[in-house]
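Asker: Residue numbers (my numbering): 6 to 447. For glycine and all other residues, C-beta sits at the position ideal for the given N, C-alpha and C.
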Amino acid sequence: MRDTIVAVATSMSSSAGINVIRVSGERAKQIAQTIFSSKRTEGGEMEPNRMYLGKVEGKNFSEKAFCVYYKMPFSYTGEDVIEIHCHGGKGVTGAIVRLIREKGARPAEPGEFTKRAFLNGKLTLGEAEGVIDMINASSESQVKNAYRLMNGELTKGIEHSEKLLTETAAMLEAKLDYPEELEEETRYGAKANLAEAERICEDLLKGASRRKILNEGVDIAIVGTPNAGKSSLLNLLLGQERAIVSDEAGTTRDVVKESAEYEGIRFNFLDTAGIREGAGKVEKIGIERSLNAIESADIILFLTDSTVPVSEDERKIASLTRGKKTVFLQNKTDEEKYPREGAMKISAKTGEGIDELIGKLLAFADREAIYGEGVISNERHVYALQEALQCVKDAESEYDATPSECVLENVRNALSALGRITGKSVSESIVDEIFSRFCVGK
Ligand SMILES: Nc1nc2c(ncn2[C@@H]2O[C@H](COP(=O)(O)OP(=O)(O)OP(=O)(O)O)[C@@H](O)[C@H]2O)c(=O)[nH]1
Ligand SMILES: [Mg+2]
């Protein structure tokens, strides 16, 4: 076991109701025994995984608190851990931490508890990164994905590929030693393994193509002619009066950006200025921004007003959205006079058609796949997977044409790329960098 570390695992804000102080390392239990007493442990030892109510006593203070002892290796870090749950507030929490330090623990570095879990084999590096993702998750789909990464579900394929490639490397090494005897057997096994590893890496990378949606959400630009009801639609989608709505054409001058979560997926809506010829100076700047939004959005909601005939401006907007992922919408269906052929009918006033629209957006975001399969969402992992895939492909294509040494070299490179995800072949500086992104106490 390593030296003993201490940190507050909860936030140290003065308004916290309770705080949890975490201690990990060889002296954890002994420290608990010297500073904490409970009627239930008098004379006896603290049993693991039990919460004891008692007292923490320092030189100048005494505090009612709970204490739990986790015995190694069945703890978060894999070492002896104690947790003290005390009243919130900087004063009391700080006093207990100081007391624990006086008894021989040192302050933990950011992420040091999780780093110890990794070093003690409780988590792979990828799983540890799932812990950071979980802390940083803001949408429900991110929480679900982080959980999958954290419990190893997402990296199962990577570990399986590692196994296949390790086997292949062993076969190739044996073949180098006994070229004649093992030729056929090795060829069959190695090729099957490489093909399977290639398939796994390809599938994972396909899922990874959805990471932008998971990490940042889907950018949706609402565009159309002035007065079509763009701001009304934005407000309806958000469930709040975010943008000004008025029957005056040219109300929205700037891009209004606001996010909403539907069934766990984040959507970033951009309400834009209506696009028309002959606008004044300020409105023109707004229209320029609308055009930029059309360029940068993942999907465009092209909104038309069915109470007025198709205008030249509307035709122009239609041509601007051509070739982009666009949902063609007819608004004001409650007062429809000039139906738009091929458009999805909605009313931002009555809410008609909105559920169907949201369904379409969720389908566009590939919600089912994001929830069903999970997404490799970390750039570091994606990069390593791409490298591994390339090496596997090279090994496959070289198999019959080049000496086994070259094939073996590619298999080893693929293994080392995958090892950067699991942590088996990763430099200390990368490990340090990853854990430095954690907060203290995690
Ligand atoms: N009847 C009816 N009126 C609507 C509907 N949606 C919006 N309106 C009205 O249409 C007018 C324009 O609505 P806005 O949401 O401000 O339109 P906009 O597209 O944002 O307009 P600009 O910002 O000027 O480009 C307002 O008077 C709305 O109340 C609808 O579905 N039906
Ligand atoms: Mg508007």
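Let's see if you can read the secondary structure: which residues bound the alpha helix (DSSP H) around residue 232?
Answerer: Careful: residue 232 lies outside any alpha helix (DSSP H) and carries neither H nor E.
Asker: Let me check you understand the geometry: is the CB of residue 24 closer than 7 angstroms to at least one non-hydrogen atom of ligand 1?
Answerer: No, the Cβ of residue 24 stays beyond 7 angstroms of every heavy atom of ligand 1.
Asker: Classify residue 245 as helix, strand or coil using the three-state DSSP reduction.
Answerer: DSSP places residue 245 in coil when its eight states are reduced to three.
Asker: By Cβ distance, which residues of its chain are closer than 8 angstroms to residue 371, with the 5 residues on each side in sequence left out?
Answerer: Excluding sequence neighbours, residue 371 sits near 215 and 218.
Asker: Taking 7 angstroms as the cut-off, is the C-beta of residue 80 nearer than that to any heavy atom in ligand 3?
Answerer: In terms of ligand content, the structure shown lacks ligand 3 and carries ligand 1 and ligand 2 instead.
Asker: Does residue 60 come out as helix, strand or coil in the three-state DSSP assignment?
Answerer: Residue 60: strand per DSSP, three-state reduction.
Asker: Can you say whether residue 446 is buried or exposed, counting buried as having 16 or more other CB atoms within 10 angstroms of its CB?
Answerer: That one is buried.
Asker: Take residue 440 as the anchor and find which of 421, 271, 118 and 25 has the nearest alpha-carbon.
Answerer: The option with the nearest alpha carbon to residue 440 is 118.
Asker: Pick out whichever of 442, 405, 397 and 409 has its Cα sitting closest to the Cα of residue 1.
Answerer: As shown, the chain starts at 6 and ends at 447. That puts residue 1 outside it, with no answer to give.
Asker: Under a Cβ-count criterion, where at least 16 other Cβ atoms within 10 Å of its own Cβ denotes burial, should residue 254 be classed as buried or exposed?
Answerer: By the 10 Å Cβ count, residue 254 comes out exposed.
Asker: Could you tell me if residue 155 is buried or exposed, where buried requires 16 or more neighbouring beta carbons within 10 angstroms of its beta carbon?
Answerer: Result: buried.
Asker: To the nearest whole angstrom, what separates the beta carbons of residue 9 and residue 110, a pair I think is in contact under 8 angstroms?
Answerer: Confirmed, Cβ separation roughly 4 angstroms.
Asker: Between which two residues does the beta strand (DSSP E) holding residue 271 run?
Answerer: Per DSSP, residue 271 belongs to the beta strand (DSSP E) from 270 to 276.
Asker: Hey, could you find the ends of the alpha helix (DSSP H) residue 79 is sitting in?
Answerer: From DSSP, residue 79 is part of no alpha helix (DSSP H); its letter is neither H nor E.
Asker: Out of curiosity, what's the CA-to-CA distance linking residue 323 and residue 307?
Answerer: Rounded to whole angstroms, residue 323 to residue 307 spans 8 angstroms at the Cα level.
Asker: So what's residue 181 in DSSP terms, helix, strand or just coil?
Answerer: Residue 181: helix per DSSP, three-state reduction.
Asker: Within the chosen definition, does the segment 187 to 202 reach the segment 259 to 279 through at least 3 CB pairs nearer than 8 angstroms?
Answerer: Output reads no: the segment 259 to 279 does not touch the segment 187 to 202.
Asker: If I follow the unbroken alpha helix (DSSP H) through residue 95, where does it start and stop?
Answerer: Residues 95 to 107.
Asker: Would you report the Cα separation of residue 299 and residue 17, rounded to the nearest angstrom?
Answerer: C-alpha separation (whole angstroms): 44 angstroms.
Asker: Looking only at its chain, what residues have a beta carbon closer than 6 angstroms to the beta carbon of residue 7, apart from the 5 residues adjacent to it on each side?
Answerer: Counting only Cβ-Cβ distances below 6 angstroms, and skipping sequence neighbours, we find 30.
Asker: For a quick check, are the C-beta atoms of residue 226 and residue 163 less than 8 angstroms apart?
Answerer: No.
Asker: Could you give the DSSP three-state label for residue 327: helix, strand or coil?
Answerer: Here residue 327 sits in coil by DSSP.
Asker: With a cut-off of 8 angstroms on the beta carbons, I'd call residue 260 and residue 275 a contact; round off their distance for me.
Answerer: Indeed they touch by this definition, with Cβ atoms about 5 angstroms apart.
Asker: Report the CB separation of residue 443 from residue 26 in whole angstroms; it is logged as a contact under 8 angstroms.
Answerer: Incorrect: roughly 17 angstroms between the Cβ atoms, too far for contact.
Asker: Short of 6 angstroms in beta carbon distance, which residues of its chain neighbour residue 335, apart from the five on each side in sequence? Order them along the chain.
Answerer: Cβ within range, chain order: 309, 311, 345, 348 and 350.
Asker: Sorted by chain position, which residues of the same chain lie with C-beta nearer than 6 angstroms to residue 82's C-beta, five sequence neighbours on each side aside?
Answerer: Closer than 6 angstroms at Cβ, skipping near neighbours: 29, 118, 121 and 122.
Asker: Less than 8 angstroms between the beta carbons of residue 102 and residue 213, yes or no?
Answerer: Result no, Cβ atoms of residue 102 and residue 213 do not sit closer than 8 angstroms.
Asker: How about residue 412 and residue 169: are their beta carbons less than 8 angstroms apart?
Answerer: No, they are not a contact pair.
Asker: May I ask you to list the residues that DSSP assigns as paired with residue 88?
Answerer: For residue 88, which the question treats as bridged, DSSP gives the partners 27 and 73.
Asker: Using the Cα positions of residue 5 and residue 358, report the straight-line distance between them to the nearest angstrom.
Answerer: This structure cannot settle anything about residue 5, because the visible part of the chain is limited to 6 through 447.
Asker: Among residues of its own chain, excluding the 5 on either side of residue 191, which ones have a beta-carbon nearer than 6 angstroms to its beta-carbon?
Answerer: Cβ neighbours of residue 191 beyond the five flanking positions: 176 and 180.
Asker: Should residue 41 go down as buried or exposed, given a rule of 16 or more other Cβ atoms within 10 Å for buried?
Answerer: Buried, because 16 or more other Cβ atoms sit within 10 Å of the Cβ of residue 41.
Asker: When you compare each of 378, 61 and 409 to residue 185 by their alpha carbons, which one comes out closest?
Answerer: Of the candidates 378, 61 and 409, the one whose C-alpha sits nearest the C-alpha of residue 185 is 409.
Asker: For a test of the three-state rule: what should DSSP assign to residue 280, helix, strand or coil?
Answerer: In this structure, residue 280 counts as coil in the three-state DSSP scheme.
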